[in-house]
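A.B. asks: Numbering (the numbering used here), first residue to last: 1 to 129.
(1) Which residues in the same chain as residue 86 place their Cβ atom closer than 8 Å to its Cβ, once the five residues preceding and following it in sequence are excluded?
(2) Report the residue from 11, 63, 98, 110 whose alpha carbon sits nearest the alpha carbon of residue 80.
(3) Would you check if there are 3 or more beta carbon pairs closer than 8 Å linking the stretch 26 to 36 to the stretch 66 to 85?
(4) The alpha helix (DSSP H) spanning residue 54 covers which residue range?
(5) In the DSSP assignment, find the unbroken alpha helix (DSSP H) run with residue 18 in it and report its ends.
(6) Since residue 48 sits in a beta bridge, which residues does DSSP pair it with?
(7) Please classify residue 85: does DSSP put it in a helix, a strand, or coil?
(8) Is the stretch 50 to 62 in contact with the stretch 94 to 112, if contact means three or more CB pairs nearer than 8 Å?
Right, dumping it as structure tokens:
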């Protein structure tokens, strides 16, 4: 797994968050329909109002597809991280790429400054190249 794929994973997670927000904010479209009611023996036209969930269902399907893709990439990332010898570097990369934390947040968790985390990540990738 290379750096570009890991960066893509971070972007996909942000896209998934955006899709979830859109799904939560998608208003159901109001629709109306008519049908014939023959309970009395004669046709009486009735009007029924409700909400169409077509947009919500399409968006939910996109979210499911994106979620599955992300979970597959996270599984690949976990396999890649298991091969890293340094447990600290493994943890930093996991927090940054898999969990999507900022370098500032990682620094607070690990007791480093943001710039130290940036250097550690840069040094790791420079050693890999």
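Using N, Cα and C, we set each Cβ at its ideal position, and we do this for glycine too.
Only a predicted model underlies this, so the values are computations on that prediction, with no experimental measurement involved.
C.D. replies: With the structure as the only source:
(1) none
(2) 98
(3) no
(4) 54 to 82
(5) 3 to 25
(6) 33
(7) coil
(8) no
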